[in-house]
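Take any residue in the sequence shown, count from 1 to its spot, add 98: that is its number in the working numbering.
Ideal placement from N, C-alpha and C gives every residue a C-beta, glycine not left out.
As the structure is a prediction and not an experimental result, all values here were calculated from the model.
Below is one structure; the comments refer to it alone.
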Amino acid sequence: MEPTYYNRILIVGSDAEAAGAVLLADAAKNHGLIPLFRLTTDPDVVDRINDSQFVVYRINPTTYKNFVKILSRVNQLKADKLRGVLDAFDKNTTATILIGGGIATPMSWSIGHDDVIEDFPVVIKIANSNQGKGVALLHSTEDFAAYSREFPDEKIFLVQEYIKESGASDKRIFVSGDRVVGAMRRTSTSDDFRANLHLGGTADAYDPTEQEKAMAIKASQLFRLDFSGVDIIDSHRGPLVLEVNSSPGFAIGEVIGIDVAAEVIKDLIK
Numbered sequence: 099m100e101p102t103y104y105n106r107i108l109i110v111g112s113d114a115e116a117a118g119a120v121l122l123a124d125a126a127k128n129h130g131l132i133p134l135f136r137l138t139t140d141p142d143v144v145d146r147i148n149d150s151q152f153v154v155y156r157i158n159p160t161t162y163k164n165f166v167k168i169l170s171r172v173n174q175l176k177a178d179k180l181r182g183v184l185d186a187f188d189k190n191t192t193a194t195i196l197i198g199g200g201i202a203t204p205m206s207w208s209i210g211h212d213d214v215i216e217d218f219p220v221v222i223k224i225a226n227s228n229q230g231k232g233v234a235l236l237h238s239t240e241d242f243a244a245y246s247r248e249f250p251d252e253k254i255f256l257v258q259e260y261i262k263e264s265g266a267s268d269k270r271i272f273v274s275g276d277r278v279v280g281a282m283r284r285t286s287t288s289d290d291f292r293a294n295l296h297l298g299g300t301a302d303a304y305d306p307t308e309q310e311k312a313m314a315i316k317a318s319q320l321f322r323l324d325f326s327g328v329d330i331i332d333s334h335r336g337p338l339v340l341e342v343n344s345s346p347g348f349a350i351g352e353v354i355g356i357d358v359a360a361e362v363i364k365d366l367i368k
């Protein structure tokens, strides 16, 4: 079968052998699509994006700037989707869009290297990162100074209130289209307040409440994402959305017993 606009799915990322890209490609084949992979630096990547009906962007800190360049060159339909992926990957933009969309989040604000943090503890994050990297819990002005020195090339940081009652635990809600595919609760196994699996956290299947499902779906749709991983924590004010991951990993499938990549493909082509 020859690849055409209608039967091809293009995966754009940094590694064709990455677990997420492989799972998506296999699921696509099982649903009658022809998967094609392109690096963000490939000369024909823009042409392939424009002439593929289905496109999945696998973004990470290394490819972020390349995707920004691609954004200005793709057609309007593809640009709208890619802009949502980029907005969700930038933590400062994410916070602005979530708050503007009426989603409950921790109190959040942006600061530069020379700004002053008046109340501690706070959580601080670099703008473009994943897997918990560049995220720290600050207890003092000295902590902020040390953190600032660690990331001299960062211009703007995101600061959020520290939600102590979350107990170093969060929920990852996997959204595909307008539905929740599944969820897991992640818990830190050390003194680290971050619960990311890449940092050694543990995970168990979780049955999200109707409120959490609605929050996750709305958060994902604010960024026009085909699928996402929405991170939610508990607080005295109720559930709060921490982040919207526009390139979520599929390890959640092993925890909840669902082939989430297959669910993503099914929703893309329906």
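### Query
Nearest-angstrom Cα distance between P159 and N226?
6 Å
### Message
Going by beta-carbon coordinates alone, are A359 and L134 separated by less than 8 Å?
### Response
Inclusion of A359 and L134 in the CB contact set at 8 Å is not warranted, their separation being larger than that value.
#### Entry: Buried or exposed (CB count within 10 angstroms, at least 16 for buried), G111
buried
### Message
In this structure, how does DSSP classify R171 when only helix, strand and coil are distinguished?
### Response
coil
### Query
CB-CB under 6 Å to V353, same chain, minus the five flanking residues each way: which ones, in chain order?
M282, A301, A303
### Query
Can you name the residues that DSSP bridges to R188?
First, the residue type needs correcting, since residue 188 is Asp and not Arg in the sequence shown. Answer is N226.
### Exposure label - T285; buried when at least 16 CB within 10 Å
exposed
### Task
Examine the Cβ distances between the stretch 262-273 and the stretch 327-338 and report whether three or more of them are shorter than 8 Å.
yes
### Nearest neighbour of N228, chosen from V273, Q151, S344, A243 [CA to CA]
S344
### Query
Are the stretch 155-169 and the stretch 102-117 touching, with three or more C-beta to C-beta distances below 8 Å?
yes
### Message
On the CB-based measure, 16 or more other CB atoms within 10 Å of its CB, does P141 come out buried or exposed?
### Response
Per the 10 Å Cβ criterion, exposed.
### Message
Checking 8 Å against the spacing of the C-beta atoms, do E252 and I224 come in under that value?
### Response
Contact annotation: E252 and I224 have beta-carbon atoms nearer than 8 Å.
### Task
Could you give the DSSP three-state label for A293: helix, strand or coil?
Low confidence applies here, because A293 scores a pLDDT of 48, under 50, leaving its location unreliable; read the following figure in that light. The answer is coil: DSSP assigns A293 none of H, G, I, E or B.
### Message
Would A202 and V339 qualify as a contact pair, given that the criterion is a beta-carbon distance under 8 Å?
### Response
Yes, the pair counts as a contact, with Cβ atoms nearer than the cut-off.
#### Entry: Sufficient close CB pairs (3 or more, under 8 Å) joining the stretch 206-220 to the stretch 253-261
yes
### Task
Can you check the stretch 106-158 for any beta strand (DSSP E) of at least 3 residues that lies completely inside it and give the ranges in chain order?
106-111, 132-137, 152-155
### Query
Within this structure, are the beta carbons of A317 and V278 separated by less than 8 Å?
no
### Query
By Cβ distance below 6 Å, which residues in the same chain neighbour T161 in space, the five residues on each side in sequence not counted?
S112, T138
### Message
Tell me the rounded alpha-carbon separation between I356 and G199.
### Response
30 Å
### Message
On the DSSP bridge list, what partners appear for S286?
### Response
In DSSP, S286 forms no bridge with anything.
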